[in-house]
Amino acid sequence: MATVKYAEKFQQIIENHVGETATIYTCAARCRGFTGVILYVNNEYARLLIKAGPNPVRGIPGRSEANKKTLRTFDPPVSTIADIPLDKIACFVHNSI
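Each residue of the sequence shown is one higher than the last, beginning at 0 in numbering that gives the first Met the number 0.
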């Protein structure tokens, strides 16, 4: 019973920070941390919008140099979504102000 109340309270804490940048560390191997904007939280997972690293510089094999430059010029920024199960969160880090 206490575990259910704690899980609900933890969900509410994360919900209070929807739209803000936060870091969530998981209980998985190497205690991986994910930093991004919290988009959504439910009773099972938290969804983060994460800005991924830059696009690969190496072009697509078989493309001419002109095509490679065109592709890089119009490449939109890359982002990714991470759905993190609430029961796998080891630590939730957010701004206090």
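Quick reminder that beta carbons are idealized off the backbone N, C-alpha and C, glycines included.
Given this structure, state the Cα-to-Cα distance separating residue i from residue j, to the nearest angstrom.
i, j, result
"A21", "K4", "23 Å"
"E7", "K87", "15 Å"
"I96", "E19", "11 Å"
"R29", "F91", "16 Å"
"N15", "F9", "10 Å"
"P84", "I23", "11 Å"
"A45", "N94", "17 Å"
Grouping DSSP H, G and I as helix and E and B as strand, with all else coil, what is residue i?
i, result
"I12", "helix"
"R31", "coil"
For the candidate residues the options, whose alpha-carbon lies nearest to that of residue i?
i, options, result
"T79", "N94, H16 and L38", "L38"
"Q11", "G32, E43 and R31", "E43"
"D82", "E19, N15 and N41", "N41"
"I13", "V36, C26 and R29", "V36"
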